[in-house]
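Here's the structure, in structure tokens; my notes come after.
Residue numbers (UniProt numbering): 1 to 191.
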């Protein structure tokens with residue numbers, strides 16, 4: 001179970017687990033709501049648009065696979081912490097409402113797209129090579145939870161095959177742009 005990670009070690013502090021492995025902690029009082037945490041995360045993660053994101057409680061047991069409970073914006077944080085402490089749940093910041101057009105999200109908010117990519121794609125997008133750098137480009141480790149989101153169909157609606165192919169094409173495009181910056185590649189041609 002996740003109980004060790006979910007324990008409330010400091011009174012009035014909620015731990016929020018991010019897809020990239022980071023943990024953000026939030027102090028709260030009786031008036032603090034889920035929306036307050038969302039706005040703070042938006043600022044800390046440099047996100048412009050958070051309409052696709054939500055805080056969710058993850059529950060895992062040996063008998064069942066992971067289950068997610070979506071938290072409402074007006075829900076008091078004290079109630080959320082009580083549930084995470086007593087039921088072995090943990091709080092996650094996730095893309096909960098999949099965008100209709102991921103490419104449009106990339107144009108509007110690159111940071112939000114990268115977070116989506118980490119959660120849904122095959123891991124983090126490759127880093128760009130620094131000018132003048134030599135040697136192989138090191139890519140970050142792949143996240144197993146990210147692949148599992150697609151494999152275990154953890155979406156409210158099934159992602160369309162065209163959208164998944166578009167994300168795969170975008171991954172190829174980003175990889176080529178990072179490894180061969182002098183080579184011009186069109187996203188349309190990759191698709």
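We treat Cβ as the ideally placed atom computed from N, Cα and C, and that holds for glycine. Treat the numbers as computed from the prediction; the structure is a model and nothing was measured.
Problem - At least three beta-carbon pairs within less than 8 Å, the stretch 66 to 85 to the stretch 100 to 109 - result: no
Practice task
Grab the span of the alpha helix (DSSP H) containing residue 104 for me, first residue to last.
Solution key: 102 to 108
Problem - Rounded straight-line distance, which links the Cα of residue 175 to that of residue 129 - result: Note on residue 129: pLDDT 38, under 50, position unreliable in the model; the coordinate value appears next. Taking the straight line from one Cα to the other gives about 11 Å.
Problem - Helix, strand or coil at residue 83 according to DSSP, with G and I counted as helix - result: helix
Handout entry: residue 44 (DSSP reduced to helix, strand or coil)
Key = helix
Handout entry: residue 58 in three-state terms, based on DSSP
Key = strand
Practice task
Quick one: grab the DSSP three-state call for residue 98.
Solution key: coil
Problem - Own chain residues within Cβ distance below 7 Å of residue 135, not counting five before or after - result: Because residue 135 sits at a pLDDT of 39, beneath the cut-off of 50, its placement in the model cannot be relied upon, and the point is left open.
Problem - 8 Å Cβ cutoff, residue 41 in contact with chain B - result: No chain B is present in this structure, which holds just one protein chain.
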